[in-house]
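If you use UniProt numbering, the sequence shown corresponds to residues 1 to 368, in order.
All residues carry an ideal CB built from backbone N, CA and C; glycine is no exception.
First comes the structure, then the notes that go with it.
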Amino acid sequence: MGRPRTGHQPDRQQCRLRSRAFWIHAHGLQLRRARRQRLYLKSGDAQVKLALVGDIGGTNARFAIWEDDTLHSVRVFPTIDYAGPEKAIEVYLQDLELQRGDIGYVCLAVAGPVDGDLFQFTNSHWQLSREAFCADLKVDHLLLINDFTAMALGMTRLKDDEYLTVCHGVGKPDRPRVVVGPGTGLGVGTLIKLEGSRWMAMPGEGGHADLPIGTAREALLWTRLMAEHEHVSAEVVLSGAGLLLLYQVSCALDGIDAALKSPAAITSAALAGDPVAAAVLEQFCVFLGRVVGNNVLTLGSLGGVYIVGGVVPRFTEFFMNSGFKRAMGEKGVMSGYFKNLPVWLVTAEYPGLMGSGVALQQAFGSQI
């Protein structure tokens, strides 16, 4: 017989969980102490400071410490809760027990063309002055890059379990790769292989190019969209809000009541077998295929295609079986161009942050 129990004793599983929780807590404290100590290490007479990377979209801002080619202490902040990026970063630093001046290098990936001192975020109320940002947070070096420049660079660090193959093929190593991502908006970027292990990411605003039309029904949908928008860009449809708009104009075209009120509701209904929602989601995938196909032809992107962003991974199986591939290759005499083109659906959690780190590393090298 075992020893009699006196009062309540936790079982072995509880003990293991508590031990694991204690280890995680202790490990976190250890990391914070190490980072604070590193701030006061001397390199000659210069103080060694930390590097911060950010990926700022229309809905969320993601921040991390970049150290030893790795992301640490990733946090996500809803942009609507903060007046600007400086305020969100202040909270982030407080969470890590860091202060203004502890960060020497910052790279922020932002949605929109990057030029001049003042940047107005696309799909967000935030704006940023480079000069004011550095003065406010006591930052020595600020690098602003297009969000899909970062996203493209993030593709160079993907692990084998961070993507799914949509279209099998063999990409040509000396040709560009295109990165397309429906999210709050629609981003498009290009990745070019350089000598050795270096890559160059080319920014662009391909999401604001015209929405391509391939069928009579799509022309009717475009006509209804044109009645409400001065310019019917690909982003008008290929985004989270765009899925809802596509559902609404499709229902109006067919004389059906638009009962679903959010992109999430449309996706859920489609996956549950609702024929109207499923048809709209299928049309979304087809439009995405047409946009990708146009970019491949324009850029000669025979290196491959990456589908990124937060929208498509919510209906992965549906997307895999959709008309995406067919629509991508419906290019008349150039349809054969897509025969051996690989397409990957990226499932990595923070590719934009990783790309910001790569950009920072390429810009400042051994300084960080």
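CB contact flag (residue i, residue j, <8 Å)
{"i": "D210", "j": "V232", "result": "yes"}
{"i": "Y306", "j": "V346", "result": "yes"}
{"i": "G183", "j": "G310", "result": "yes"}
{"i": "L353", "j": "V74", "result": "yes"}
{"i": "residue 369", "j": "L71", "result": "The first residue shown for the chain is 1 and the last is 368, placing residue 369 beyond what the model contains."}
{"i": "F315", "j": "L271", "result": "yes"}
{"i": "V166", "j": "W344", "result": "yes"}
{"i": "A51", "j": "W66", "result": "yes"}
{"i": "S335", "j": "C285", "result": "no"}
{"i": "A327", "j": "G214", "result": "yes"}
{"i": "G169", "j": "L341", "result": "yes"}
{"i": "M200", "j": "L194", "result": "yes"}
{"i": "V291", "j": "P212", "result": "yes"}
Other residues of its chain near residue i: CB distance less than 8 Å, five sequence neighbours each side excluded
{"i": "K331", "result": "G293, L297, Y337, F338"}
{"i": "G58", "result": "T79, A111, F121, T122, N123, S124, G183, T184, G185"}
{"i": "A348", "result": "G154, L158, K159, E162, Y163, M354"}
{"i": "G171", "result": "R177, L302, G303, G304, L341, P342"}
{"i": "A241", "result": "T184, P263"}
Nearest neighbour of residue i, chosen from the options [CA to CA]
{"i": "T190", "options": "D147, Q361, V114, A363", "result": "D147"}
{"i": "P173", "options": "Q362, S366, S301", "result": "S301"}
{"i": "R130", "options": "T122, N123, V106", "result": "V106"}
{"i": "Q283", "options": "D81, E218, R75, T70", "result": "E218"}
{"i": "V110", "options": "S322, L93, G185, V286", "result": "G185"}
{"i": "K138", "options": "L164, I266, L93, I80", "result": "L93"}
{"i": "F133", "options": "D68, P85, P212, V276", "result": "P85"}
{"i": "G207", "options": "L238, A201, T215", "result": "L238"}
{"i": "E162", "options": "I368, W222, F364, Y350", "result": "Y350"}
{"i": "D81", "options": "D95, F364, W126, D69", "result": "W126"}
{"i": "P263", "options": "L341, A135, E195, V312", "result": "V312"}
{"i": "residue 369", "options": "R224, E228, V178, L194", "result": "As displayed, the chain neither begins before 1 nor continues past 368, which places residue 369 out of reach and without an answer."}
{"i": "L118", "options": "L142, H168, V170", "result": "L142"}
{"i": "A234", "options": "D95, L128, G187", "result": "G187"}
{"i": "V280", "options": "L299, G304, D254", "result": "D254"}
{"i": "P176", "options": "L243, G303, L98, D136", "result": "G303"}
{"i": "A227", "options": "A241, P212, A252", "result": "A252"}
{"i": "E90", "options": "D68, D136, V114", "result": "D136"}
{"i": "L221", "options": "F287, F324, D95, I56", "result": "F287"}
{"i": "I56", "options": "L128, P275, S197, E317", "result": "L128"}
{"i": "I368", "options": "E317, D69, H229", "result": "D69"}
Beta bridge counterpart(s) of residue i as assigned by DSSP
{"i": "G189", "result": "V179"}
{"i": "F77", "result": "A61"}
{"i": "V106", "result": "L52, L142"}
{"i": "residue 414", "result": "Missing from the structure shown is residue 414; the chain here goes from 1 to 368 and no further."}
{"i": "D210", "result": "S233"}
{"i": "A305", "result": "One point to set straight first is that residue 305 is Val, not Ala, in the sequence displayed. Paired residue(s): V178, V343."}
{"i": "A201", "result": "L191"}
{"i": "S70", "result": "Note that residue 70 is Thr in the sequence shown, not Ser. Answer is E67."}
{"i": "L118", "result": "S129"}
Proximal residues to residue i (C-beta, below 6 Å), its chain only, five neighbours per side dropped
{"i": "G104", "result": "K49, D140"}
{"i": "G54", "result": "F63, L108"}
{"i": "A83", "result": "none"}
{"i": "A363", "result": "L143"}
{"i": "G101", "result": "K138"}
{"i": "I192", "result": "P176, M200"}
{"i": "L41", "result": "Caution is warranted here: a pLDDT of 38 is assigned to L41, below 50, making its placement in the model unreliable, and the coordinate value is therefore given only provisionally. Contacts found: V48."}
{"i": "S197", "result": "none"}
{"i": "Q14", "result": "At Q14 the pLDDT is 45, less than 50, meaning the model places this residue with poor confidence and gives no usable figure here."}
Same chain, Cβ closer than 7 Å to residue i, five either side skipped, listed in chain order
{"i": "S366", "result": "none"}
{"i": "L260", "result": "Y247, I266, A269, A277"}
{"i": "N295", "result": "V178, V180, V188, G206, S301"}
{"i": "L244", "result": "S262, P263, I266"}
{"i": "A21", "result": "Confidence at A21 is low in this model, with a pLDDT of 39, below 50, so its placement is unreliable and no value can be given for it."}
Check whether the stretch 149-162 touches the stretch 320-331, taking contact to mean three or more Cβ pairs, one atom from each stretch, closer than 8 Å.
-> no
Would you be able to state if there are at least three C-beta pairs under 8 Å between the stretch 342-361 and the stretch 154-165?
-> yes
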